[in-house]
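Counting from 1 along the sequence shown, just add 2 to a position and that's the residue number in the working numbering.
For each residue, glycine too, the CB sits at the ideal point set by N, CA and C.
Fair warning: this is a prediction, and the values are worked out from it, not measured in the lab.
Since the structure comes first, as structure tokens, the remarks are kept for the end.
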Amino acid sequence: VINKRIWADSKKAKVLVNVADTPDLCDFYMGSIVTKGDLKLAISTNGKSPTFSKRFRELLESILPDTLPETLNNLNAIRKTLKGDFTEKVKSLNKLTELLVLENTKK
């Protein structure tokens with residue numbers, strides 16, 4: 003009852019509200035965020051299962067390499083040195099990142 007009252011009052015005041023245990027009364031959701039240096043990944047279940055988002059965040063944090071911040075810095079430095087038009091730069095970066103992903107996922 004009180005959650006619906008707060009939600010209704012918030013609507014009248016044009017204030018966004020998040021009623022965490024009632025997804026239908028949410029204007030937004032708080033996602034789980036994975037941060038590795040400058041990489042940020044947001045995970046959301048749109049209120050269906052916040053605990054799943056948390057567990058999935060923990061999984062990603064455990065498997066993403068600790069060298070990721072250095073890798074991103076290196077990619078940024080390479081990106082700044084690329085010559086040519088936008089399409090050529092994108093092709094070069096796509097090849098490079100594909101190789102990095104393949105190398106880091108080999109078992």
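For Ala79, the enclosing alpha helix (DSSP H) begins and ends at Leu70 to Thr83. For the stretch 5–66, the continuous alpha helix (DSSP H) assignments of 4+ residues that do not extend past its boundaries occur at 52–65, in sequence order. Within the same chain, no Cβ atom closer than 6 Å to the Cβ of Ala79 is found once the five residues on either side in sequence are excluded.
Burial is judged here by how many other beta carbons sit within 10 angstroms of a residue's own beta carbon; Gly49 has at least 16 and is buried. As the crow flies, the alpha-carbon of Ala44 is around 6 Å from that of Ser34. Buried is the label assigned to Ser55, since at least 16 other Cβ atoms lie within 10 Å of its Cβ. In the same chain as Asp40, and ignoring 5 residues on each side of it, the C-beta atoms closer than 7 Å to its own belong to Pro71 and Leu74, in chain order.
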